[in-house]
Structures are given as structure tokens and as C-alpha cells.
Amino acid sequence: MSVRPAHRTMRRLLIPAIAVLLGLVSACGSDSPSSGLPDPASSDVSGDVVVFAASSLTGAFGDLGDAFTEANPDVELTFGFAASSELAAQVLEGAPTDLYASADLANMARLVDGGAVAGEPTVFATNRAEIIVAPGNPLGITDIADLADPDLILVVCAPQVPCGTYTNDIFRDADVDLEPDSFEANVKAVVTKVTLGEADAGIAYATDVFAADDAASGVEIPDRLNVRAEYPMAVTTGSSNPQAAQAFIDFTVGDSGQAILATYGFTTP
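Each number in my numbering comes from the position in the sequence shown (counting from 1) with 739 added on.
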């Protein structure tokens, strides 16, 4: 990664007990591909902005962060990626953050009900589920029913995280009794198990299958069984920089931000 000026150097948050869990990274450098659209004019926002975001947003928000700081060079973004449910719990416990971006509406509702976000959350992207398998789909998996094979090693997200909730909905609607071999903390862990050959199949987001590139293949889930995952984002009531945090939301829902999200397979709200 290229080194940026001092105001955009790497930062690590010293948050007891959660710094390692969240995998906090700072947006710096401009090596990621451009959205292909002109950057908006730089604004007058400045200062630090801490963003807690669902793990499925890791790649997209890295590029969004680069593009945003190109347009707003006096802002330094620091991201914490983990399961939406875990991040919501941290926000409710008072973890210092300016923005929360969830992979579902339910965890955002927890923050709204708890008075932890300011204003109305903004849905900025949508996603859908896919069966993730080894490259080339060597076992010939074609639908949800195939996952019931007792010889198949199946991994899914834990039920308390959004991808786990979506998975349960899909299994219920498919009327298939499935017994996963393991429940993972987040969707990235599901993808890792499959791409490393530790599992034969899993349920992930279409964007994660896309991001895996040649390391995995995807099997589409029909619309009648699939889910439409909505991703909302909001400024937290504890934000120390709400103006810059809102500027990041505005950038994300704008043309440049939406173009970057589209390159990762996200669809518009």
C-alpha cells in the first residue's frame, strides 16, 4: 500500500477488549480501482471518523474510504469490520464510533430502539445470498436440497448474525432439514472455510462469492427462496464528528459511492 500524507497515515484505535476483535484498519492510499466517475468537490469536513461496518463490506468500504479521503483530504477514516450483531452490541456498550453500517435492518433497529443513532438510518445497498462451493463446483451442487447430503461438509453463519438469520429463512422456505457442520462468527469465516477446502459448501452473500474470485464458485439461490439483504447506515449519537460522518454517508449514497459498491456486486436500494 502506498504511503499517504501524515493526515492519512494508518491509525489503530486503543479500545480495550475489542481492538483485536474488530480488526480495525484505516483508509489510506489510493491503490484501489477508481469508480470511473469524477470525484465530488472536496468539502470543509475534517477530523477523525470511526466506522463500524459489517464484515461483508470490508472490500467495498476500503475503496469507498480511499475515494472519500481523496475528496476530503482532511478526514481520516478508521474502520472496524465484524459481524453486525457484535458491532451493534459494542455501540450499545459505548464503544467510540461515529458511524454504524449493518448488513440487516434488525441490528440497526436495536440501535434505534436503544437511542444509539442520530436521525433516520439510510439504506445504501442491497445484497442476496448464494451457495458458495469449491472452484468449478466439483460436487455438482445445484440447489438447497443438495446441501442435505450427510456426506457434505456444510458451514453457515451463526444464527445471531445477519447472514445466519438469512440462512435460516432460506432453509425454512426451502422446507429442507439441514444440519450444518459448523456455525461461523461471520460470513468471511464461511468463505474462508470453503476456499481453504475445510468445507464443501456454505451460504454466503453474493458479494463475498464474487470477491473470492477464482478461489470459489457460486450457485444461485432462486428468488422464491432467496433474501434481499438491506444495508442501513447511521451516525451514532456518541459521534465526536457527526458532520464528517454524515459526509461519508452522503458520499456512499451518491453516484461515485454507488458505482464503487456496484463493482463489488452490491445492488442499489
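Glycine included, every Cβ here is placed at the ideal spot set by N, Cα and C.
- Close beta carbons around THR934, own chain, < 7 Å, minus the five adjacent residues each side: Looking up residue 934 in the sequence shown gives position 195. For THR934, where only same-chain residues beyond five positions count, the Cβ hits under 7 Å are ALA951, ALA954, ALA955.
- State buried or exposed for GLU869, treating a residue as buried only when at least 16 other CB atoms are found within 10 Å of its CB. Against the sequence shown, residue 869 aligns to sequence position 130. GLU869 is buried by the Cβ-count criterion.
- Alpha carbon to alpha carbon, how far is GLU815 from SER785? In the sequence shown, the residue the question calls residue 815 occupies position 76. In the sequence shown, the residue the question calls residue 785 occupies position 46. Looking at the two C-alpha atoms, the distance is approximately 8 Å.
- Query: With a cut-off of 8 Å, do at least 3 Cβ pairs link the region 840-848 to the region 967-978?
  - Reply: yes
- Task: List the endpoints of the continuous beta strand (DSSP E) containing THR861.
- Result: Stepping through the sequence shown from its first residue, residue 861 is reached at position 122. First-last of the beta strand (DSSP E) with THR861: 856-866.
- Message: Tell me which residues share the same chain as ILE942 and place their Cβ nearer than 6 Å to its Cβ, disregarding the 5 neighbours each side in the sequence.
- Response: By 1-based counting over the sequence shown, the position of residue 942 is 203. Within the same chain, ILE942 has close Cβ partners ALA868, VAL895, THR906.
- Item | Through-space distance from ASP890 to SER769, alpha-carbon basis | Position 30 of the sequence shown, counting from 1, holds the residue named residue 769. Position 151 of the sequence shown, counting from 1, holds the residue named residue 890. Because SER769 carries a pLDDT of 38, less than 50, the predicted location of this residue cannot be relied on, and the following value inherits that uncertainty. Cα to Cα, the separation comes out at about 45 Å.
- Task: Starting from the Cα of ASP805, find the closest Cα among GLY936, LEU1000, ILE909, LEU893 and give me that residue.
- Result: Position 66 of the sequence shown holds residue 805. Answer by Cα proximity: LEU1000.
- Taking the alpha helix (DSSP H) that GLU809 falls in, what are its first and last residues? Counting from 1 along the sequence shown, the entry for residue 809 is found at position 70. Run containing GLU809: 797-810, per the alpha helix (DSSP H) assignment.
- Item | ASP787: first and last residue of the uninterrupted beta strand (DSSP E) it sits in | Indexing the sequence shown from 1 puts residue 787 at position 48. First-last of the beta strand (DSSP E) with ASP787: 786-793.
- Query: So, are the CB atoms of VAL788 and ASN980 less than 7 Å apart?
  - Reply: Walking along the sequence shown from the start, residue 788 turns up at place 49. Walking along the sequence shown from the start, residue 980 turns up at place 241. Yes, they are a contact pair.
- Message: DSSP three-state label for PHE922, please.
- Response: The count along the sequence shown starts at 1 and reaches residue 922 at position 183. Reduced to three states, the DSSP call for PHE922 is strand.
- Integer-rounded CB distance, given that VAL926 should sit under 8 Å from VAL872: By one-based count along the sequence shown, residue 872 stands at place 133. By one-based count along the sequence shown, residue 926 stands at place 187. Not a contact, Cβ separation roughly 15 Å.
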